[in-house]
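The sequence shown begins at 16 in my numbering and counts up one residue at a time. Taking it in order: structure first as structure tokens, then the write-up.
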Amino acid sequence: MSAVLRPIALAAALVAAGILTPAAAQAAPGRDAEALPAPVLSALQRDLGLDADQARARLAADERSADTARGLRKRLDGRFGGAWIDSSGTLTVGVTRASDVDQGGVRTKLVQRSERDLDAVKSALDANVARAPKSVPGWYVDLPTNTVVVKSEPGGLAAARAFAAASGVGTSAVRYAATTEAPRPLVDVIGGNAYTIGSGTRCSVGFSVNGGFVTAGHCGSTGASTANPSGTFRGSSFPGNDYAWVQVAAGNTPRGLVNNYAGGTVSVAGSQDAPVGSTVCRSGSTTGWHCGTIQARNSSVTYPQGTVTGLIQTTVCAEPGDSGGSLVAGTQAQGVTSGGSGNCSSGGTTYFQPVNEILQAYGLTLVTGGGGDPNPPTGCQGSETTYNGSLATGGQAYQPDNGYYQSTVSGAHVGCLAGPAGADFDLYLQKWNGSSWAVVAKADTPAASETVNYNGTPGYYRYRVHAYSGSGSYTLGVTNP
């Protein structure tokens, strides 16, 4: 087992090992955590028992852990056994091969099954959802134990085992947990703020997208009308999924903000997935702003209406009417409220539909940075300026033309990178802070094409294109304030 280093001390070692990019290391101090308004910090203190400095430190450490986990997922590929943050705030990464245990100072754990293997087990259970008994309220991938957990009501263990066996999954990969949960969609048929559906059902806005907002699918069916803001459900899926998007009418302006219910808002900077164990906060029109941690991703939950798969399982509380509301990790959008058990007096478990799945399903673009125009269309059409180049694996280039540009006004900096098919190209926007270049926005998914959208102040900026893997030509479309 490799030595355990504290997150701040890891940056240089991770860059040297090729796990963390230099750009990600520059981001290590935790910009989002420092920028959080006082009401957000107050909620973290209230719900997690932290003081302000501890809350900032925890969110900053979560950011660094997320960067490290993304780098290792790319590097290890099929040998990656998942990543999670324990109660002490330390990141652990599962590896399936003994030779991968040493990862430059990251704490690792040798596991039997890869994250893909666990997802395959869970997918087998999802495929057999029609045979799931009512005594099984859900199942999820549990990374720390390297198993898939099937929940069962008291006295329902035999039925849970029979369901797993009928799904064709190996017995060693499944663990059973007794629960008294009775999840239900968090819908309250009471008019109020946030938004209403039809004759008065109330739900909560999730996140703004180009032309409207995303929310929970159980809140309304396709074609249903909404009020405050006025709009129409253009897509809805429930059960199976629990997502929907509402196209708003003229006069309603989508903004990249989340209400913290303390007289302020949190600006949404993107939608990068946070690891299991990360600190998250939820906003909803019934109970306001509450925080907790991610317990699991890719969790399946059975409601009375049917089973929903692929959810984020958390310790955050919620109540009816909070459905559809926002879940954020720092300033990164995570998901919309689906349902759960308990309430905000006694606590409970709440599930969230991942926001990136909604965006992909409907071809939507998240509105970030407090509003303004969404990202450019796919293919980088409509950009003000276009730059072309070619990179080999591991190479990098700075644009414009190995230099920088000056912005004299505040506004949106939008970069759209189209890389070669089959490659993994990443895009970073950097700003000069007086002594060095600091990353202010990044897009580093395992894809060839990336988009960043940053609402910035006047200053000097440049884009960094990095060929994480693969080689070929790229096009960078840029639109500046």
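Here a beta-carbon is modelled for each residue, glycine too, at the ideal position from N, C-alpha and C.
Reference residue i, options the options, closest by Cα
i      : options                        : result
Ser315 : Gly292, Tyr155, Gln287, Ala113 : Tyr155
Gly250 : Ser298, Asp132, Ser236         : Ser236
Thr111 : Gly357, Arg131, Tyr258, Leu444 : Arg131
Gly64  : His305, Pro496, Thr383, His233 : His305
Arg270 : Ala242, Ala72, Val224          : Val224
Ala135 : Ala147, Asn161, Ala113, Pro152 : Asn161
Gly266 : Lys89, Gly227, Glu168, Leu381  : Gly227
Ser353 : Gly93, Tyr377, Gln328          : Gln328
Gly363 : Gly378, Ala348, Glu334, Leu125 : Glu334
Ala463 : Ala70, Asn417, Thr490          : Thr490
Arg122 : Gly471, Asp141, Asp101         : Asp101
Ser425 : Trp447, Gly474, Asn468, Ala192 : Gly474
Ser182 : Lys166, Leu379, Ala142, Glu78  : Ala142
Leu432 : Lys446, Trp447, Val455, Thr460 : Thr460
Ala240 : Gly213, Gly340, Ser293         : The identity of residue 240 in the sequence shown is Ser, whereas the question assumes Ala. Nearest C-alpha to Ser240: Gly213.
Gly410 : Gly345, Gln445, Arg479         : Arg479
Ala209 : Asn313, Asn468, Ser300, Gln60  : Ser300
Pro198 : Ser167, Gly215, Ala70, Leu172  : Ser167
Asn358 : Ala277, Ser129, Cys332         : Cys332
Ser486 : Gly437, Ser450, Val455         : Gly437
Val351 : Ser360, Gly339, Ser361, Thr380 : Gly339
Gln320 : Ala456, Ala145, Thr211, Thr302 : Ala145
Gln368 : Gly404, Ser360, Gly325         : Gly325
Thr194 : Thr472, Thr317, Thr408         : Thr317
Thr216 : Val281, Asp441, Gly336         : Gly336
Phe440 : Val454, Ser451, Gly232, Thr466 : Thr466
Thr400 : Ala58, Pro290, Asp288, Asn495  : Asn495
Ala113 : Phe95, Leu106, Thr105          : Phe95
Leu379 : Gln414, Pro435, Phe222, Tyr402 : Phe222
Gly285 : Trp452, Val273, Gly86          : Val273
Backbone secondary structure at residue i - three-state DSSP
i      : result
Val370 : helix
Arg479 : strand
Leu91  : helix
Thr280 : strand
Leu106 : strand
Cys234 : helix
Arg122 : strand
Ser223 : strand
Val116 : coil
Val382 : coil
Gly492 : strand
Pro389 : Reliability of the predicted coordinates at Pro389 is poor, the pLDDT of 39 falling under 50, and the value obtained from them is presented with this limitation in mind. Coil, per DSSP.
Thr247 : strand
Ala289 : coil
Ser315 : strand
Gly97  : strand
Gly362 : strand
Ala376 : helix
Gly259 : For the record, residue 259 in the displayed sequence is Ala; it is not Gly. In this structure, Ala259 counts as strand in the three-state DSSP scheme.
Ser57  : helix
Ser398 : coil
First and last residue of the uninterrupted alpha helix (DSSP H) at residue i
i      : result
Phe253 : Unbroken run through Phe253: none, as it is neither H nor E.
Val6   : No information on residue 6 is available, as it lies outside the stretch 16 to 496 that the chain covers here.
Status (buried if at least 16 other CB within 10 Å, exposed otherwise) for residue i
i      : result
Pro152 : buried
Lys149 : exposed
Ala75  : buried
Ala177 : exposed
Ala39  : Only weak support exists for where Ala39 lies, its pLDDT of 47 falling under 50; the coordinates are left without a value.
Pro254 : buried
Ala70  : buried
Cys128 : The amino acid occupying residue 128 in the given sequence is Arg; Cys does not appear at that position. Arg128 should be labelled buried.
Arg297 : buried
Arg61  : exposed
Pro169 : exposed
Met16  : Model confidence at Met16 stands at a pLDDT of 33, short of 50, so the residue's coordinates are unreliable; what they give is reported in the following sentence. Looking at its Cβ environment, which holds fewer than 16 other Cβ atoms inside 10 Å, Met16 is exposed.
Gly418 : exposed
Asp416 : exposed
Gln421 : exposed
Residue i: first and last residue of the uninterrupted beta strand (DSSP E) it sits in
i      : result
Gly354 : 347-355
Thr322 : 321-329
Cys218 : 216-218
Arg297 : 294-299
Gly242 : Checking the displayed sequence, the identity of residue 242 turns out to be Ala instead of Gly. 240-242 is the extent of the beta strand (DSSP E) around Ala242.
Ala344 : 341-344
Leu272 : 272-274
Complete runs of the alpha helix (DSSP H) confined to the segment 148-212 [at least 4 residues]: 172-181
Beta strand (DSSP E) runs wholly inside the segment 407-489, at least 3 long, in chain order: Runs of the beta strand (DSSP E) inside the segment 407-489: 411-414, 420-422, 426-433, 439-447, 452-458, 464-471, 474-484.
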